[in-house]
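Please read the structure below before turning to the comments.
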Ligand SMILES: Cc1ncc(COP(=O)(O)O)c(C=O)c1O
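Written out as structure tokens, the structure is:
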């Protein structure tokens, strides 16, 4: 698609970058971002380098691409590249971080039942090693009120773990206030930003976040196999993860089996060889996010989400969203009795959404249009008439 020099691409032109829209209403970025031509070409380039250069690709373009992905993610969150580590999944990043603390003096980890399960499992399994888990339960279906954290975090708390955007509601948590709550009691804050980075502006230094995790496959448009960990420099420097590999060694290519010395910064959490194909895809996805700019992405998305909520309400549906739509990211949930049947019936109509227990999730991103939302809502109502609800 030709670009007019000096002017940002139009949203229609961006939509053409994603071939899926020629035949589907793709409305499911909160599960998986759509595939762009740019990402497909990047993976093709990686295959070509492998074929043409063999192992020499490692020391040339491949290590360079890993560093480029690290730097791009760092720019998006307002960090430095030294504060970013690369992993194949968020779970593996969490395993490294959770292995790094001494829980003896401060055994408590505070998190909530609104978190993504893998985050909870990391620390609930560590109760065998003396971690005292405080799981916040809440009657609020969308978020976790800050007062609950205020009450739970004390001077025995090592870590507070919370989502920036909740995966079952799209509600935005106030992470700067959470950082304040954690720090006043001498605890650290780890933010699960998987559902926010890309669609919401964030400055990790200004918000005083200690750790942040995110993955490539949703709002960062890079497909599965790549995840990122931000670790604040001053905090990371004092930690010694048990779960680290040769990429975490200060002199990785010294192959010294007698002495392990941690690399500076976030690299000390890394494990083994990254999945290079995923790094190529991930970097190309980040490139799109940077080219558009997160602020513009957020503006576009708020417009689309508001339009979707109005459309649903005007047709008698009850989307489950926060009272102020500025507290909502790009996930709009609609309660349904049999969400899986609804998702399957919509898929037959080439409308791609997904479900979580009791809910259908619709997630607009910049490449969607108001008409995508209107079509999805019309289809939901048609299904309702046929008893699929
Ligand atoms: C909010 C959130 N956190 C964590 C994860 C898990 O990430 P991974 O599968 O990379 O471990 C997901 C995956 O969908 C998620 O949505």
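In our numbering, the protein residues as written are 305 to 693. Idealized CB from N, CA, C, for every residue including glycine. A quick note: this is a predicted structure, and the numbers were derived from the prediction, not measured.
Would you list, in sequence order, the uninterrupted alpha helix (DSSP H) runs of no fewer than 4 residues that lie entirely inside the segment 612-684? Complete alpha helix (DSSP H) runs here, min 4: 643-652.
Below 8 Å, can you find three or more Cβ-Cβ pairs linking the segment 381-391 to the segment 537-546? Judged by Cβ distances under 8 Å, the segment 381-391 makes contact with the segment 537-546, as three or more pairs qualify.
Simplified DSSP state of residue 475, which is helix, strand or coil: For the purposes of this step, residue 475 is identified with residue 171 of the chain shown, where counting begins at 1. Shown here, residue 475 sits in a strand according to DSSP, grouped into three states.
Exposure of residue 562, with buried meaning 16 or more beta-carbon neighbours within 10 Å: Along the chain shown, read from residue 1 onward, the residue named residue 562 stands at position 258. Per the 10 Å Cβ criterion, exposed.
Same chain only: Cβ atoms within 7 Å of residue 489, ignoring 5 sequence neighbours per side: Start at 1 with the first residue of the chain shown, and residue 489 comes out as number 185. Same-chain partners within the cutoff: 457, 458, 459, 461.
Same chain, Cβ closer than 8 Å to residue 376, neighbours up to 5 away in sequence not counted: Translated into positions along the chain shown, residue 376 becomes position 72. Hits under 8 Å: 587, 590, 591, 594.
Write down every uninterrupted run of the alpha helix (DSSP H) in the segment 379-416 whose length is 4 residues or greater and which is fully enclosed by it, in chain order. For the alpha helix (DSSP H) assignment, the uninterrupted runs of no fewer than 4 residues enclosed by the segment 379-416 are, from N- to C-terminal side, 394-402.
Just the Cα atoms here: how many angstroms apart are residue 665 and residue 621? Position 361 of the chain shown, counting from 1, holds the residue named residue 665. Position 317 of the chain shown, counting from 1, holds the residue named residue 621. Their Cα atoms are separated by approximately 14 Å.
Going by beta carbon distance, what residues of the same chain come within less than 7 Å of residue 619, once the five residues before and after it are set aside? To locate residue 619, count along the chain shown from 1; it is residue 315. In the same chain as residue 619, and ignoring 5 residues on each side of it, the C-beta atoms closer than 7 Å to its own belong to 681, 685, in chain order.
Would you mind sorting residue 348 into buried or exposed? The rule is 16 or more other CB atoms within 10 Å of its CB. For this step, residue 348 is matched to residue 44 along the chain shown. Counting every other CB atom within 10 Å of its CB across the protein chains shown gives residue 348 a total below 16, marking it as exposed.
Could you give the distance in angstroms between the alpha-carbon of residue 649 and the alpha-carbon of residue 335? Taking the chain shown and counting its residues from 1, the one referred to as residue 649 is at position 345. Taking the chain shown and counting its residues from 1, the one referred to as residue 335 is at position 31. Residue 335 has its alpha-carbon roughly 18 Å from the corresponding atom of residue 649.
Extent of the continuous beta strand (DSSP E) to which residue 560 belongs: In the chain shown, residue 560 corresponds to position 256, counting from 1. No beta strand (DSSP E) holds residue 560; DSSP gives it neither H nor E.
Can you look up residue 493 in the DSSP assignment and give me helix, strand or coil? Sequence index remark: in the chain shown, residue 493 carries index 189 (1-based). In the three-state reduction of the DSSP assignment, residue 493 falls in the strand class, which pools E and B.
Mind listing, in chain order, the continuous beta strand (DSSP E) runs of no fewer than 3 residues lying wholly within the segment 424-489? Fully enclosed beta strand (DSSP E) runs of 3 or longer: 436-440, 461-467.
Quick one: which unbroken alpha helix (DSSP H) runs of 4-plus residues sit fully inside the segment 306-353? Chain order, please. Counting only runs of 4 or more, we get 315-320.
Helix, strand or coil at residue 534 [DSSP, three-state]: Here the question's residue 534 lines up with position 230 in the chain shown. For residue 534, the secondary structure class from DSSP, reduced to helix, strand or coil, is strand.
Does the beta-carbon of residue 305 have 16 or more other beta-carbons within 10 angstroms, so that it is buried, or is it exposed? Position 1 of the chain shown, counted from the start, is the residue given in the question as residue 305. Below a pLDDT of 50, predicted positions are generally treated as unreliable, and residue 305, at 45, falls in that range; no measurement from the model is reported.
C-beta contact flag for residue 637 and residue 612 at 7 Å: Reading the chain shown from its first residue, position 333 is the one you call residue 637. Reading the chain shown from its first residue, position 308 is the one you call residue 612. A distance of 7 Å or more separates the beta carbons of residue 637 and residue 612.
From what residue to what residue does the beta strand (DSSP E) around residue 358 run? By 1-based counting over the chain shown, the position of residue 358 is 54. Looking at the DSSP string, residue 358 is not in any beta strand (DSSP E), and its letter there is neither H nor E.
Flag this pair as yes or no: are the beta carbons of residue 585 and residue 549 separated by less than 7 Å? Taking the first residue of the chain shown as position 1, residue 585 is located at position 281. Taking the first residue of the chain shown as position 1, residue 549 is located at position 245. The answer is no: Cβ separation not under 7 Å.
Check whether the segment 598-609 and the segment 566-579 touch, using three or more Cβ-Cβ pairs below 8 Å as the test. No contact exists between the segment 598-609 and the segment 566-579.
When the Cα of residue 654 is compared with those of 643, 580, 679, 671, which residue comes out closest? As a working mapping, residue 654 is identified with position 350 in the chain shown. Checked all of 643, 580, 679, 671; the closest Cα to residue 654 is 679.
Would residue 482 be called buried (16 or more neighbouring beta carbons within 10 Å of its own) or exposed? In the chain shown, counting from the first residue as 1, residue 482 sits at position 178. So residue 482 ends up on the buried side.
For residue 332, count neighbouring C-beta atoms within 10 Å of its own C-beta (all shown protein chains included) and say buried if the count is 16 or more, exposed if not. In the chain shown, the residue the question calls residue 332 occupies position 28. Looking at its Cβ environment, which holds 16 or more other Cβ atoms inside 10 Å, residue 332 is buried.
Ligand 3 heavy atom lying under 6 Å from the CB of residue 534: For the structure depicted, ligand 3 is absent and the ligand set comprises only ligand 1.
Cutting at 7 Å between CB atoms, please list the residues of its own chain near residue 307, excluding the five before and the five after it. Taking the chain shown and counting its residues from 1, one reaches residue 307 at position 3. Note that residue 307 scores a pLDDT of 49, beneath 50, so its modelled location is shaky; the value from the coordinates is reported in the next line. Excluding positions up to five away in sequence, the list reads 313.
If we count the other Cβ atoms within 10 Å of its Cβ and call it buried at 16 or more, is residue 316 buried or exposed? As a position in the chain shown, residue 316 is number 12, starting the count at 1. In this structure residue 316 is exposed. Its beta-carbon is surrounded by fewer than 16 other beta-carbon atoms within 10 angstroms.
Pick helix, strand or coil for residue 420, following the three-state DSSP scheme. Locating residue 420 in the chain shown gives position 116, where the first residue counts as 1. Three-state DSSP puts residue 420 in coil, outside helix and strand.
The beta strand (DSSP E) with residue 517 in it runs from where to where? In the chain shown, counting from the first residue as 1, residue 517 sits at position 213. Looking at the DSSP string, the run of the beta strand (DSSP E) that includes residue 517 is 515-519.
Following a CB-centred definition, is residue 484 positioned closer than 6 Å to any heavy atom of ligand 1? Translated into the one-based positions of the chain shown, residue 484 becomes position 180. It does not: the Cβ of residue 484 is nowhere closer than 6 Å to a heavy atom of ligand 1.
Should residue 521 be labelled buried (16 or more other beta-carbon atoms within 10 Å of its own) or exposed? Your numbering for residue 521 matches position 217 in the chain shown. Under this definition residue 521 is a buried residue.
Tell me the rounded alpha-carbon separation between residue 356 and residue 362. By 1-based counting over the chain shown, the position of residue 356 is 52. By 1-based counting over the chain shown, the position of residue 362 is 58. In a straight line, the C-alpha of residue 356 is about 12 Å away from that of residue 362.
Below 7 Å between beta carbons: does that hold for residue 420 and residue 671? As a first step, residue 420 must be located in the chain shown, where it is residue number 116. As a first step, residue 671 must be located in the chain shown, where it is residue number 367. No, the Cβ-Cβ distance between residue 420 and residue 671 is not below 7 Å.
Sequence-distant residues of its chain with Cβ nearer than 7 Å to residue 501 (five each side left out): Numbered from 1 along the chain shown, position 197 holds the residue referred to as residue 501. Only 380, 381, 518, 523, 524 meet the Cβ criterion.
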